[in-house]
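Below: the structure, in structure tokens.
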Amino acid sequence: MLELKNIKKNYRIGENVQTVLKGVTIRFRKNEFASILGASGSGKTTLLNIIGGLDHYDAGELIIDGISTKNYQDYHWDNYRNHRIGFIFQSYNLISHQTILSNVELALTLSGISKKIRRKKAKEALIKVGLKDHLNKRPNQLSGGQMQRVAIARALVNNPEIILADEPTGALDSETSLQIMEILKEVAKEKLVIMVTHNPELAKIYSTRIIELKDGLVLKDSNPYNEEYKTEKRKTQQKKSMSFKTSLGLSFNNLLTKKGRTFLTAFAGSIGILGIALILALSSGVSNYVEEMERKSLADFPLVLEENSYDFTKLLEDERLLKSKYKLLTGTYPKKEDELILIIGQDQIIPDSILYALDIKDRKNLTNDLEKIKQGEKISGESTHFSYEEIMNTTYKLILNTDYYQKENGRYKNYSEDKKYLEETIKKGLDLKIVGILQTKEDTTTKNVIGYTPFLTKYVLEKISKTELYQEQKNNREINVLTGEKFDGLTNTYEQNCQKLGIADLENPNKISLYPTNFESKEQILAFIEDYNKEKTKNNQKELVVSYTDVMNTVVSGITSIVNTISFILIGFVAISLMVSSIMIAIITYISVLERTKEIGILRAIGASKKDVIRVFKSETIIEGLLAGLLGISITLFVCLPLNAIIEALIGIDHIAQLPLIDASILMALSVLLTLIAGLIPSKIASKKDPVEALRGE
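Note that the sequence shown covers residues 0 to 697 in numbering that gives the first Met the number 0.
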């Protein structure tokens, strides 16, 4: 089963080479209690470590089940230690931050056994060695004898074939030593127990075989085994890696033992995250505020498809849009060409200039006030109150732009200053009346204005189109019919004259205003226009390409670009602290590697691979990264509360600092990623530690 042939081992110390084993040959039975005796430096522990795969021989052969281990790779040795070897050490080598139940479970975890089964087996092993009432205690809560019992339970729990005990009673009193030896004697009935000891009396009482070493050679063997091994076919057991959950548990428990340092490390790591989170919160809040302004202005600044010009003339014709933006205070929505509606702000205050313009306030008072101002006198600042009924009783007359002109001697004369002519013209005008009052639901620029229906627009255009002036100007695009002069194309154009006279062609508009009800609709419209333009450009129909103006978006985009630029610059500066934090976490992780050297040795001794060790320390950095991220985000959210209160008090904008969930998630991921990267080198260093040297570390 287990055979050593001419095993040699040298250690290099500086330029000197020390030979520890000079050619050891031993064959072991399947089950026996073999004790290895010898003075210090005789090679006992080195031999035990080579048998256990913790140390490697320089020459000779270690044969397991008739197969040489000369070509074994790391994963072969890891698998061998995990499935076939159980170690019992003089100093117990328990992981201090784990319960004794978790210590015993660990070997089973590395074997890939499910939690339920490994918990059951670990309990049974601990009960078997008399620790039923101590399952959830930590090693520092146990006596030396109890800790050695835990070590024995851990060695046995995976049902290995070989138990290697290195001075198992060396740190125990006589009574406890006998108890431990009784346990090992019982184990040796079914397994191969190889014990290294300085105590020949105990060895003679309990061992079935005593092997004495001297100067790296076998001096005596009380019961050598020379028979032929029976060939047994064995099913190769695949070594499974430590689960991520297990590595997290090991690291988390270790961090809990150093709460103060863990918190300070996480806090230091959170500073960069905190800085960036605050910048993003303010940036996002400002962007949201600007977008909200844009949303509120959908009805004020429509998308304008234009032929060659743009103006801000309002045309409110979508009742759904009106209802979403305004509240009807009294009356009804206008339905006919002669019906108007007054739009007022949330404060229901209408400036005097608007009241005079709408003839709601007596214009004689305006004349008197202007006269007083000219003479340097003060005017009354008292507000005047009007009922809805007073406003609703106001009526108006509509006259057309073309009504100001009359043709005389082949030319058109402007009668806008002729009072008598105007009076007669006004009498013939269309009667208009206010049928309702709307109040804005939110702050918007569309307030204190008169709204009208598209029916009125159509009425005006139809009336103008029937005038002689319209017909003459439409049929003569080269001459200004008002002056008889040619259009110069600069200061005087056909389009300008049409605009002055109110002339328009519904079949050929120079502008179309679109009022989206929400951002989604707006984006769909823009996408449609872009697709249309691409198609026309592709087909060489550039004359059919539609140009449009999105004034509010242009303004908002400009503001957003400025905010984003400033944010990126600030984030760039703050990112330096992130780099510093990462370097610091790398240093802390390296310190943790040094502190947990023995734990690394223990893990390797029970079959953990180098990758498993890397995973443990990666898990530690992940936890630190999560804590740093959570701390940074939490502090940010806390700081946002007084910050928002201060900003609201100063400039009246509430909740300006808002950290979006997606940004918080990205920052959390960034924190974990950076700490994970920071821990790569220390983790690699940990995995390369020699198991034997690691077990000697403190």
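In this text, a Cβ means the ideal position worked out from N, Cα and C, and glycines have one as well.
Delimiting residues of the alpha helix (DSSP H) encompassing residue i
i: I145; result: Ile is not the amino acid found at residue 145; the sequence shown has Gln there. Here the alpha helix (DSSP H) through Q145 covers G143 to L155.
i: K8; result: That residue, K8, is in no alpha helix (DSSP H); its beta strand (DSSP E) goes L1 to I12.
i: I343; result: First-last for I343: E338 to I343, but that is the beta strand (DSSP E), not the alpha helix (DSSP H).
i: L360; result: The displayed chain sequence assigns Lys, not Leu, to residue 360. Here K360 belongs to no alpha helix (DSSP H), and DSSP marks it neither H nor E.
i: T168; result: Counting along the chain, T168 falls outside any alpha helix (DSSP H), and DSSP gives it neither H nor E.
i: I378; result: I378 -> no alpha helix (DSSP H), and no H or E assigned at all.
i: K244; result: F243 to L255
DSSP three-state assignment for residue i, whether helix, strand or coil
i: R28; result: coil
i: R595; result: coil
i: G628; result: helix
i: D220; result: strand
i: Y309; result: Annotation note: pLDDT 33 at Y309 (below 50); position unreliable, coordinate value reported separately. Correct three-state label for Y309: coil.
i: I605; result: coil
i: I652; result: coil
i: L315; result: Its pLDDT being 49, under 50, L315 is placed unreliably by the model, and nothing is read from it.
i: K213; result: strand
i: V128; result: coil
i: S600; result: Just to set this straight, residue 600 is Gly in the shown sequence, not Ser. The answer is helix: DSSP assigns G600 an H, G or I state.
i: V19; result: strand
i: V448; result: strand
i: A38; result: coil
i: I622; result: helix
i: I684; result: helix
i: R137; result: coil
i: S670; result: helix
i: A503; result: coil
i: I349; result: coil
Residue burial classification, residue i (beta-carbon count within 10 angstroms, cutoff 16)
i: S591; result: buried
i: G428; result: exposed
i: A627; result: buried
i: L315; result: Note that L315 scores 49 on pLDDT, short of 50, meaning its location in the model is unreliable; the coordinates nonetheless yield the value given after this. Label assigned to L315: buried.
i: F567; result: exposed
i: L489; result: exposed
i: S382; result: exposed
i: S176; result: buried
i: E619; result: buried
i: G375; result: exposed
i: Y10; result: exposed
i: Y91; result: buried
i: R117; result: buried
i: G268; result: buried
i: A663; result: buried
i: Y325; result: buried
i: F527; result: exposed
Sequence-distant residues of the same chain with beta carbon closer than 6 Å to residue i, five excluded per side
i: P159; result: R83, I84 and G85
i: R208; result: E31, A33, S221 and N222
i: T329; result: Y387 and I436
i: F311; result: Residue placement at F311 is poorly supported in this model, since its pLDDT is 32, which falls under 50; the coordinates still yield a value, given next. Same-chain partners within the cutoff: there are none.
i: I49; result: Y56
i: L698; result: Summary: the structure shown does not reach residue 698, with the chain confined to residues 0 through 697, and so no result is reported for it.
i: S581; result: L673 and A677
i: Y79; result: G52
i: G22; result: N5 and K7
Residue(s) in a DSSP beta bridge with residue i
i: G85; result: I162
i: L327; result: L437
i: D430; result: K396
i: K485; result: I478
i: A58; result: K7
i: Q405; result: K412
i: R118; result: In DSSP, R118 forms no bridge with anything.
i: S67; result: I62
i: R208; result: A33
Residues near residue i by beta carbon distance below 7 Å, same chain, minus five either side
i: T256; result: H96
i: E211; result: L36, G37, L218 and K219
i: Y403; result: N413, Y414 and S415
i: L399; result: V459, K462, I463 and G501
i: L648; result: Inspection of the sequence shows that residue 648 is occupied by Ala rather than by Leu. Once the five neighbours on either side are set aside, A648 has no close Cβ partner at all.
i: S273; result: For clarity, residue 273 is Leu in the given sequence; the question names Ser instead. Only G631, I634 and T635 meet the Cβ criterion.
i: Q147; result: Y91, P167, L171 and I179
Residue i: CB within 8 Å of a non-hydrogen atom of the ligand MN
i: V638; result: This structure lacks the ligand MN; in fact it carries no ligand of any kind.
Residue interval of the beta strand (DSSP E) (run including residue i)
i: K194; result: A quick correction: the sequence has Met, not Lys, at residue 194. Per DSSP, M194 belongs to the beta strand (DSSP E) from L191 to V195.
i: Q498; result: From DSSP, Q498 is part of no beta strand (DSSP E) but of the alpha helix (DSSP H) over Y493 to L500.
i: Q472; result: Q472 -> not in any beta strand (DSSP E); alpha helix (DSSP H) instead, spanning E467 to K473.
CB contact below 9 Å: residue i versus chain D
i: S90; result: Checking the listed chains, one finds no chain D in this structure; it contains a single protein chain.
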